[in-house]
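Reviewing the structure listed below.
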Amino acid sequence: MVIGLLAVPLAGAAILIPFRRPSSRQGQFLQWYGPVVSGLTLVLALVLAVLFDYGHAARTQLEVDRAWVPGLDLRFHLGVDGISLPLVVLTALLTFLCFLYLVRHKPEGGRFRALVFTLLVLEVGMIGTFLALDLLLFFVFFEIVLIPMYFVIAVWGGGERRAAAVKFILYTLLGSAVLLLGLLLIWAHTGTLDMVRLAHAHGAGMPRAVQIVAFLAVGLGLAVKAPMWPLHTWLPAAHTEAPTVGSVLLAGVLLKMGTYGFARIAVPVLPEGAAALAPWLGAFAVVGIMYGSLACLAQRDLKRMIAYSSVGHMGFVLLGLATLTPVGMNAALFGNVAHGLITGLLFFIAGAIKERYGTAEMPRLGGGMLARLPYLGSLLTFACVASLGLPGLAGFWGEMLALLGAFHPAPGLSRPLFLVFMAVGGIGTVLTAAYFLLMLSRVTHGRPEEPAPSLVIPTERDVTPYELAAWTPLIVLTVALGLWPKALLAVTDPAVQAFLGAP
Amino acid sequence: MIQSIDYAAIAPPLILALVAGLVLLLDAFLPRTPRTRSLLGLVTLAGVLAALAAVVAQAVRGTALRTFCVPADLGGVGRASCSFVVDDLTLVFGGVVLAAAIVVVLLSWAQLAEGGIPTGEWYFLLLCTLTGAVTLPASRDLIMLVVALELVSLPVFALTALKRYDARASEAAIKLFLVSVISTAVMLFGVSLLYGLTGSVYLDRIAARLGGTPPVADVLAQTLAGGPAGVPSGVLTVAIVLVLAGFAFKVAAVPFHFWAGDVYQGAPVPVAALLSVISKAAGFAGLIVVLTIALAGQARLWAPIVAVLAALTMTVGNLLALRQRHAVRLLAWSSVAQSGYILAPLGVAGKSAAAASIAYLAIYAAMNVGAFAVVMLVSRTKARNELDDYRGLAFHNPAAALALAFFLICLAGLPPGLAGLFAKIVVFREIVQGGGAWLAVVMAVNTVIALYYYIAWTARLFAPVPAAGPSAARTPSRPVAIAVAVALVVSVAFSIAPQLVLSAAG
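Protein sequences, first through last, are from chains A and B. First residue of the first sequence: 911, per the working numbering; consecutive thereafter. First residue of the second sequence: 45, per the working numbering; consecutive thereafter.
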């Protein structure tokens, strides 16, 4: 079952290898090949979600455990629990929607077959990361995404793509190398790579100093991916230059791999290290929130602005993690999923705007999108409002709960400090609202200026059916999770309680 | 006294040496036609395969074989000391060297088909080198070690220079010759000191005489007091440093790395592949044998030196590789950097340090020889062989491009090149476990630096071609294609089941 989640996209990618230059008929076939393969994966993920026993969400279910490399202690150990399940489904969903979007909206750079291949390999890495229950296996999957993402940016990206791609891969590889050292340090002291056993041990067998060093190494590695301020500098460049689907997957899934790693490895396995370094994590997180918001105010490029808003949102997720409380952890996991949905949607819309206007620079977009392209404009408004955390939409709960968590941090953490964090985070939410509203006022409102800024597509096409098909699930889920957050929290909470060693 | 010789033990080098002689004879008596060239190639290939089969047979038998022994009562340490021992280490190195040799022979086939190089001499010299490389890991006495190491080195000078009337090749040969002779001299001095200190050339007897690790305080005291009845540690340190320096030349470790770039570039591509894999494997075999058998008790003395050497080697190698525009030069410096990774586990001298080094070496051999094979393929159409010549390779030769991309990503140590990743993890694990945190961090940073040039090269493969240049339409060489395929199969096998090499090395 869980193997199928990895095998389907992998086999799908492998089948593509022998094909040479596609003829036009094959082109037709290719167009629907991606959606079919990823759709199959999504169906598997949904079946997984149905089979999942919600009564025991804390327990690892549907496990697969085989020896792979005995010499390295590496086991092919996969499984799902309440923490990973939502992310697996989110990944499968976003990948499927990306392929759906690609059917009619191909990025420049041609070579569609290679793009399908790359995205399928990417999906293997992303799903594998969330399924892995072995430290080294997690690392292997964590690394698998690097090369495909590099090519997605470097081949199908914008003007500055080469530099952005190199920056992306070097930064994240540096993070991974440090992460690997941390993982091996854990292994050297506990003698096991099994995440389930390590999480149950709650750091037994590792002295405090080792835990701190290991948390530092693992945390740095994951923080690059998350990204945490000040290690975020690869993100705006990568997001801006990547093609739409690349940005969506980067923001929707790849960033989650960092915070998921925190929730799955760093905090449960190294509780003492986490307790010692949580104030720092929290401090960097709130700096990230403020920095992201302020940087957003200064951006002219729409995609760049959304990228910086990701830094801010991931700041909230990290703040939730730093509280080391069940509330905070749940907030982080909720924020992860919500951010994946909302920012995925935002990048889709930004890509659509860029496709129509030929630019994503806000001053050149001019105002009046609501008048010119009413559907697209209102969808953009919806996504922004969701992203700024309006109550009733998914974005709200992640931020709200993270601040609530900071109000009552775990015992042993300095409460006044976290109250300061909470206050700063609160200001951050206001700033978030400010920049999104400012952006909306500049882009969607006002009246369309004459002469119209150069629209590439002569007929001002509004939202196409394929776009709508790709976006509707995201919108529906955003509203659903916003109105009924318990659906997700009920899944994550038992696992979180177990990880934090609560009775 | 008559020594009995176990021919089963010495079968691999014996086969190689006999085939070397046979090749020389055939070359002398057969007419010089292209068919003879192929025949000689076939004979050489058969010889290598036969030697590989002998190694496999020894591995299947599973018992350690020893021969050329001196009985214990002749100044021994309780048991007979042998000069030639076939154990796991010997078998792994033998297997790696011979498997790489298959690829090198196939590359030579293509190189020789171009003419201009005397065929018989080439194969003869190649087989001599292989004989040395197979003998070296089995050597358990100092004299045998030095002789075997010279047997590896000497033919390579000639091989480098065989491309006559080529200024670059001649320069490379002279450079290699000078460096190698100096390193041999340095090492001989160290070896003679070791012999003088212990009165034996057998590694196990040396280890017994030197005893266990003296505590640091004792070392100081001994040094100050001029040494008690045991071994003067000052002299011992000098001996160790000299021996290390000698081997450092062979494996192109910093600060004895200068020759690598020019020599790799000047020599024919098969010789560069030979140097970077077989000759390097032989150097590491000698190093590991000396350090872990003869000087096992003195790890405290040599481990820090090796650690610094490893850190310098990987850093300098990677930094030099960053600036290269020539494919073979880039591979030369990258293989210097890889030497650093192979040395690193020895720098913490943990229990399984040698196993980690050997595992890395075996995987490195597969991926590096594969990269050279693709370079050979490309160099047949693009004589300049600069990195820019690889632009757009994915469009006119997708198979070669994918293979090269796989090898490069393996060398960088990223999935899907899992073989390289596992190799790095083995080394990292050994270092972290042995407490060499600083070395681990240096290596982590180096991995990132290395990624830059590997990925830059890989990206070129898939970049659109600037202008469809009139590529000289040469028929693709079948031997090179087979060579690439062999290396690719082995690398993929290592990626899926690294256990193959890890269990063998462990």
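Positions of the beta carbon are idealized from the N, C-alpha and C atoms, including for glycine. All values derive from a computational prediction rather than experimental measurement.
Rounded to whole angstroms, LEU133(B) and VAL147(B) show a C-alpha spacing of 22 angstroms. Assignment of GLU430(B) by DSSP, reduced to helix, strand and coil, places it in the strand class. Contact between ILE1252(A) and ALA1293(A) holds, with the beta-carbon distance rounding to 6 angstroms and staying under 8 angstroms. For GLU1151(A), same chain residues with a beta-carbon under 7 angstroms away, outside a window of 5 residues either side, are ILE1063, GLY1067, GLY1068, GLU1070, ARG1071 and ALA1074 in chain order. With the criterion set as a beta carbon lying under 8 angstroms from some beta carbon of chain B, the stretch 1119-1142 of chain A has no members that meet it. Distances from the CA of TYR943(A) to each of MET1059(A), VAL957(A), LEU1047(A) and ALA923(A) were compared; the closest alpha carbon is that of ALA923(A).
Interface residue (Cβ-Cβ distance to chain A less than 7 angstroms): THR357(B) is not classified as such.
In chain order, MET1279, LEU1280 and THR1354 place their CB closer than 7 angstroms to the CB of GLY1287(A), counting only its own chain and leaving out the 5 sequence neighbours on each side. For VAL1062(A), not one C-beta of chain B is nearer than 7 angstroms to its own C-beta. Under the three-state reduction of DSSP, LEU1300(A) is assigned to coil, being neither helix nor strand. Taking 7 angstroms as the threshold, the shortest C-beta distance from ALA488(B) to chain A falls below it. With respect to the C-alpha of PRO460(B), the residue from ALA481(B), GLY480(B) and LEU532(B) having the closest C-alpha is LEU532(B). Beyond the five residues adjoining it in sequence on each side, ILE59(B) comes within less than 7 angstroms, by CB distance, of GLY91, ALA94, ALA95 and ALA98 in the same chain, given in chain order. The beta-carbon distance between PHE472(B) and LEU954(A), rounded to whole angstroms, is 34 angstroms. This is too long to meet the 8 angstroms contact definition.
Proximity of chain A to GLN477(B) at the Cβ level (cut-off 7 angstroms) is accounted for by ALA1098, in chain order. Shown in chain order are the members of the stretch 535-548 of chain B whose Cβ falls below 7 angstroms from a Cβ of chain A: PRO542, GLN543, LEU546 and SER547. Excluding five sequence positions before and after LEU958(A), the CB atoms of its chain that fall closer than 8 angstroms to its own CB belong to MET911, VAL912, LEU915, LEU972, VAL990, LEU995, VAL998 and VAL999, given in chain order. Around the beta carbon of ARG1021(A), 16 or more other beta carbons sit within 10 angstroms, so the residue counts as buried. When the beta-carbon positions are compared, LYS1166(A) and ASN1240(A) stay at least 7 angstroms from each other.
The DSSP assignment places no complete alpha helix (DSSP H) segment of no fewer than 4 residues inside the stretch 466-504 of chain B.
Contact of ILE913(A) with chain B is not assigned, every C-beta pair being separated by 7 angstroms or more. Note on the stretch 1199-1241 of chain A: whole alpha helix (DSSP H) runs with a minimum of 4 residues are 1212-1232, in chain order. In the three-state reduction of the DSSP assignment, PHE939(A) falls in the helix class, which pools H, G and I. At a cut-off of 7 angstroms between beta-carbon atoms, ARG473(B) makes contact with chain A. A direct Cα-to-Cα measurement between MET1138(A) and VAL1227(A) gives close to 10 angstroms. Nearest C-alpha to VAL295(B) among PHE439(B), TRP377(B) and ALA61(B): TRP377(B). Per the DSSP secondary-structure output, LEU988(A) pairs in a beta bridge with VAL974(A) and ALA1042(A). Cβ proximity to chain B below 7 angstroms picks out VAL979, PRO980, GLY981 and LEU982 from the stretch 969-982 of chain A. Among the residues of chain A, those whose CB is under 7 angstroms from the CB of ALA484(B) are LEU1091, following chain order.
Linking LEU195(B) to PRO181(B) through their CA atoms gives a straight-line distance of about 13 angstroms. For the C-beta of THR491(B), the chain A residues within less than 8 angstroms are, from N- to C-terminus, LEU1083 and ALA1087.
By the neighbour-count criterion, in which a residue is buried when 16 or more other Cβ atoms sit within 10 angstroms of its Cβ, ALA116(B) is exposed. With a 10 Å radius around the Cβ and a threshold of 16 neighbouring Cβ atoms, GLY106(B) comes out exposed. Using a Cβ-Cβ cut-off of 7 angstroms, GLU1033(A) does not count as an interface residue toward chain B, since no Cβ of chain B sits closer than that to its own. When secondary structure is reduced to three states using DSSP, HIS1318(A) falls in the coil class, being assigned neither helix nor strand.
Under the 10 Å beta carbon count, VAL509(B) is surrounded by fewer than 16 other beta carbons and is classified as exposed.
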